[in-house]
Amino acid sequence: MSKRPPFPAGSGRPNASDQALERASLALRMQRPGEAERIASEVLKANRGHVGAAQLLGQALLMQNRGAEAIAPLQKAARRGEDAAVETLLGAALALAGRLDEALEHLRRAAARRPPYPPAFLEHGIQLARAGRFEEAMAALESGLAFAPDAVDMQRELAALHLKRNDRTTARELLLRALRLAPDRPDLLSALAQVMLLDGEYASAADIFRRVVALRPDDAIARAELGRCLLEMGQRDAGEASIRMAAQERPELYGRAIMSLAVASRGRFFLRPSAAAKFLRG
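Take the sequence shown: its position 44, counting from 1, is numbered 43 in numbering that gives the first Met the number 0, and each next residue is one higher.
Below, the structure written as structure tokens:
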């Protein structure tokens, strides 16, 4: 997560450890955390004080949802210096392990470091929101945006918090701003379409959900929401087909699919769960 160059300026050719960590970093970018974990672990065996290796190992373990295992190497790295990237990763690992109070303290410290490290503000805001401390989460994200106004992920998270408060106007403004910077981000498009759906702009929301499904065909939630929009537009057959397809792709969405059918003004209501399941199975 650090913005630093991989090798110090003027250091000449990178040594074996640096070359290994370059491979580990590439593995992370290619979504191969197991490979990155193995390489970083080997570097740490040879040099237990290597902060870069500890950071990459922590990232690899977090990508595998193994937060508890990431804590020890990240704690050792954090004690060796005041690195906001390492401290942010440590906060994320502690939160994943269920140690939220410790996580928030590390994330607060990481966000207070200078120069500012935007991912620290993002992670701090996310964890505060998960703890139900929405006002504090919004303050953390707004502080981060003051330093990094083009931070798209912070705009997305802040929009989600405004939506929780039913402030759809501010949520829409934030999402439109983020989409100007990242026009093809499916998560941003889905969030904007959700705001439009809530505002009754069903045709516009449907167009955006179609775009999301085109970008990410396995996005069953977007497909289900597209179906809901189509139902509201009076396109019952197409809407039901879209919701049915979403439920078949991801059976855990059955409840959400039934709710989408029930709440739509032109939807369906089932008296028996077995009848709903039969309908969704087609």
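Where a beta carbon is used, it is the ideal one built from N, C-alpha and C, also for glycine.
Handout entry: Presumed contact (8 Å Cβ cut-off) between residue 208 and residue 224, rounded CB distance
Key = 5 Å
Practice task
Output the distance between the C-alpha atoms of residue 4 and residue 248, rounded to the nearest integer angstrom.
Solution key: Caution applies to residue 4, whose pLDDT of 39 falls short of 50 and renders its modelled position unreliable; the model cannot decide the point.
Handout entry: Option in 79, 42, 91 and 26 with minimal Cα separation from residue 14
Key = 42
Exercise for the section: Using 10 angstroms around the beta-carbon of residue 19, count the other beta-carbons present and answer buried if the total reaches 16, otherwise exposed. Expected result: buried
Practice task
In angstroms with no decimal places, state the Cα-to-Cα distance between residue 87 and residue 123.
Solution key: 8 Å
Problem - 6 Å CB neighbourhood of residue 95 in its chain, flanking five on each side removed - result: In its chain, beyond the 5 residues on either side, 66 have a beta carbon closer than 6 Å to the beta carbon of residue 95.
Problem - Own chain, CB closer than 7 Å to residue 163, minus 5 neighbours either side, in chain order - result: 133
Practice task
Provide the residue span of the alpha helix (DSSP H) that contains residue 158, from first to last.
Solution key: 151-163
Problem - residue 182 versus 40, 155 and 64, residue with shortest Cα-Cα distance - result: 155
Handout entry: From 216, 131, 260 and 219, residue whose alpha carbon lies closest to that of residue 286
Key = Absent from the model: residue 286. The displayed extent of the chain is 0 to 281, so no value can be given.
Handout entry: Alpha-carbon to alpha-carbon, residue 136 and residue 242
Key = 34 Å
Exercise for the section: Please report the residue range of the alpha helix (DSSP H) in which residue 188 lies. Expected result: From DSSP, the alpha helix (DSSP H) with residue 188 extends over 185-197.
Handout entry: Separation of residue 39 from residue 197, as counted between CA atoms
Key = For residue 197 and residue 39, the distance between alpha carbons rounds to 46 Å.
Practice task
Output the distance between the C-alpha atoms of residue 128 and residue 50, rounded to the nearest integer angstrom.
Solution key: If I take the Cα positions, the gap works out to 30 Å.
Handout entry: Beta-carbon separation (whole angstroms), residue 152 vs residue 121, contact threshold 8 Å
Key = 5 Å
Practice task
From the DSSP output, in three-state form, read off residue 123 for me.
Solution key: helix
Practice task
Determine the burial state of residue 81: buried for a count of at least 16 other Cβ atoms within 10 Å of its Cβ, exposed for fewer.
Solution key: Exposed: under 16 other Cβ atoms inside 10 Å.
Handout entry: residue 46 to residue 21 span [Cα, whole Å]
Key = 16 Å
Handout entry: Per-residue burial, residue 195 [other beta carbons within 10 Å of its own, 16 or more giving buried]
Key = buried
Problem - Straight-line Cα distance separating residue 130 from residue 10 - result: Residue placement at residue 10 cannot be trusted, given a pLDDT of 44 that sits under 50; the coordinates are not used to answer.
Practice task
With a threshold of 16 other CB atoms inside 10 Å of the CB of residue 250, please say whether the residue is buried or exposed.
Solution key: Around the C-beta of residue 250, fewer than 16 other C-beta atoms lie within 10 Å, and the residue is accordingly described as exposed.
Handout entry: Unbroken alpha helix (DSSP H) run spanning residue 98, endpoints
Key = Neither: residue 98 is in no alpha helix (DSSP H) and is coded neither H nor E.
Exercise for the section: Below 8 Å on the Cβ atoms is my guess for residue 54 versus residue 35; work out the distance and round it to an integer in Å. Expected result: The pair is not a contact, with the Cβ atoms about 11 Å apart (cut-off 8 Å).
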